[in-house]
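Notes follow once the structure below has been shown.
This is the structure we're talking about:
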């Protein structure tokens with residue numbers, strides 16, 4: 229029984245060392261390969277993150293501003309366009325709150 233435990237521990241250490249070496253060597257090989265293309269990859273990563281963070285949330289907001297929930301607000305107010313925009317935005321945000 230103790231011999232089996234020792235053998236298991238030795239096999240575990242060999243597997244641990246082998247997998248660590250394999251990971252280290254593969255990381256070096258991938259770094260050498262991608263060092264030429266890292267600027268290209270980084271550019272498209274930041275571009276896709278910018279589109280995902282900035283443009284995708286604007287689509288539902290634009291739909292709400294084109295077709296607001298409170299359409300009578302446009303006709304009751306004698307404000308400038310920016311103030312109407314802010315008023316519609318504020319009313320839509322308030323209507324989306326859970327406690328409203």
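Numbering (our numbering), first residue to last: 229 to 328. Built from N, CA and C at the ideal position, the CB exists for glycine as well.
Checklist entry - Does the Cβ-Cβ distance between residue 269 and residue 278 come in under 8 Å? => result no
Next on the checklist: Applying the 10 Å Cβ sphere with the 16-neighbour rule, what's the burial state of residue 281?
Outcome noted: exposed
Next on the checklist: According to DSSP, is residue 265 part of a helix, a strand, or is it coil?
Outcome noted: coil
Item to check | Reduced DSSP secondary structure (H/G/I, E/B, other) of residue 229 | outcome: coil
Item to check | residue 246 versus residue 267: straight-line alpha-carbon distance, rounded | outcome: 32 Å
Checklist entry - Around the Cβ of residue 253, are there at least 16 other Cβ atoms within 10 angstroms (buried) or fewer (exposed)? => result exposed
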